[in-house]
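Trainee:
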Amino acid sequence: MNARRSRIALVATGGTIAGTAASATDTANYTAGQLGAAELLDAVPQLAALAELRAEQLFNIDSKDMGPAHWLPLLRRVQALADDDAIDGIVITHGTDTLEETAYFLHVALSTGKPVVMTAAMRPATALSADGPLNLYHAVQLACRPLAGRAGVLAVLGDRILPAALLTKRHPSAIDAFSSPAALTVDASDTQLQAFPSSRHHHIDLPIEVQALPPVELLTVSAGSSPALAAAVVRALARANLIAGRAGLVLALPGNASLPAAWETVLTEDLPPAVPVVLASRCGAGATPHRIDRPGNWLQCRSLDPLKARVRLIAGLAAGLRGARLKRWFERV
Ligand code: SIN
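The numbering used here numbers the first residue of the sequence shown as 366 and each following residue consecutively.
Okay, here's the thing in structure tokens:
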């Protein structure tokens with residue numbers, strides 16, 4: 366007797382995978398988020414042999430316009446699908462530009478052992494050699510493998526599987542735009558999938574009462590950048606903090622997350638102690654050393670890059686973590 370086909374839910378949110386251009390040879394001038402979820406499935410009839418699919422359209426946008434206001438409804442929808450006994454796995458289509466941020470948010474906030482696989486494309490659906498259809502096929506194939514649920518949210522692009530915790534877009538146009546030190550090829554064995562880092566220490570519960578995510582800004586500190594920038598953001602955050610009781614700042618800093626003296630003065634004198642500030646390194650690899658000589662609201666994030674540090678701070682604040690509990694949430698990275 367044939368084994369039952371997996372039941373996979375596709376949640377479409379837009380991106381280049383759903384993008385169209387006037388010409389099949391134009392891979393640069395196109396509009397993202399044009400095709401609907403059903404059209405994405407129609408382009409890959411081979412999916413029917415893999416799984417029973419049901420598709421829905423949550424958004425249809427270019428992911429440059431995706432942000433915390435979208436992450437929460439996406440989280441709630443994917444959580445509902447994951448909690449449904451009639452669903453074995455979930456595939457999310459998304460733009461590549463901010464995929465790593467959405468992926469990391471879902472990675473920390475979703476509570477499920479089922480596969481959740483994000484996919485995207487670098488070429489629009491109308492392009493010669495569009496990469497979306499094969500990426501979608503590989504994503505559904507992976508979502509049908511229960512073991513893929515072990516490592517939290519995964520992304521599949523360019524014949525590779527990349528874990529959300531270690532995923533970065535590194536090129537604006539190349540087909541293999543993403544990099545991860547933990548990438549596997551799409552034909553990875555069960556043993557390789559099992560060796561993916563477990564996602565357990567990354568999880569945080571966002572109470573159902575949370576209706577909006579807190580304001581957290583990210584500033585990149587370049588050589589000689591004006592601390593007036595920090596002062597302006599700190600003032601805006603202080604206002605948000607007074608209103609909402611939660612806000613935060615992430616700084617992408619040189620080297621070992623080293624804070625220029627002028628910025629240190631602004632943060633020490635202007636930042637209310639209730640506003641957490643994460644000191645991240647802008648280096649893109651490695652881990653920053655542990656420092657014990659820092660004020661209690663200055664958080665270290667070791668190897669977490671600034672984009673993920675911001676997502677982690679948003680999730681931690683949304684979950685109600687403050688002070689020492691927020692610090693511990695960052696010590697777990
Ligand atoms: C987007 O991020 O929505 C546009 C770019 C892409 O998907 O590659």
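Backbone N, C-alpha and C define an ideal beta-carbon position, used for all residues, glycine too. Please read these numbers as outputs of a predicted model, since none were measured by experiment.
#1: Could you check whether the stretch 547 to 554 touches the stretch 391 to 411, counting it as contact only if at least three pairs of C-beta atoms, one from each stretch, sit closer than 8 Å?
#2: Starting from Arg442 and walking both ways along the beta strand (DSSP E), at which residues does that stretch end?
#3: Can you find a heavy atom of the ligand SIN that lies under 7 Å from the Cβ of Ser494?
#4: Taking the runs of the alpha helix (DSSP H) that are 4 residues or longer, which of them lie wholly in the stretch 486 to 552?
#5: If you measure from each residue's Cβ to the nearest non-hydrogen atom of the ligand SIN, which ones come out under 5 Å, in chain order?
#6: According to DSSP, is Ile657 part of a helix, a strand, or is it coil?
#7: Lys429 and Asp462 look like a contact to me (Cβ under 8 Å); what is the Cβ gap, rounded to whole Å?
#8: Let me check one thing: in DSSP terms, what residues is Val642 bridge-paired to?
#9: Smallest Cα separation from Ala490: which of Gly514, Thr477, His503, Leu405?
#10: If you run the structure through DSSP and keep just helix, strand and coil, what is Ser590?
#11: Under three-state DSSP, which class holds Gly379?
#12: Can you find the residues in the same chain that come closer than 6 Å, C-beta to C-beta, to Leu571, ignoring five residues on each side of it along the sequence?
#13: Do Arg647 and Thr550 count as a contact pair if the criterion is CB distance below 8 Å?
#14: Taking one C-beta from the stretch 662 to 673 and one from the stretch 589 to 601 each time, how about it: are there three or more such pairs within less than 8 Å?
#15: Whole angstroms is fine: what's the gap from Leu583's alpha carbon to Ala680's?
#16: Can you tell me which residues form a DSSP beta bridge with Gly454?
#17: With a CB to CB cut of under 6 Å and the five nearest residues on each side skipped, what residues in its chain are close to Gly523?
Mentor: On the basis of the supplied data:
#1: Using a C-beta cut-off of 8 Å, the stretch 547 to 554 makes no contact with the stretch 391 to 411, since fewer than three inter-stretch Cβ pairs fall below that distance.
#2: According to the DSSP assignment, Arg442 belongs to no beta strand (DSSP E) but to the alpha helix (DSSP H) extending over 433 to 447.
#3: Not so, every heavy atom of the ligand SIN lies at least 7 Å from the Cβ.
#4: 497 to 508
#5: Near the ligand SIN, meaning a beta-carbon closer than 5 Å to one of its heavy atoms, we find Gly380, Thr381, Ala397, Asp427, Ser428, Gly460, Thr461, Asp462.
#6: Note: Ile657 maps to coil in three-state DSSP.
#7: 5 Å
#8: DSSP links Val642 through a beta bridge to Leu614, Trp663.
#9: Leu405
#10: Ser590 falls in the coil class under three-state DSSP.
#11: For Gly379, the three-state secondary structure derived from DSSP is strand.
#12: Ala474, Ala683, Ala684
#13: no
#14: no
#15: 15 Å
#16: Ile373
#17: Ile540, Asp541
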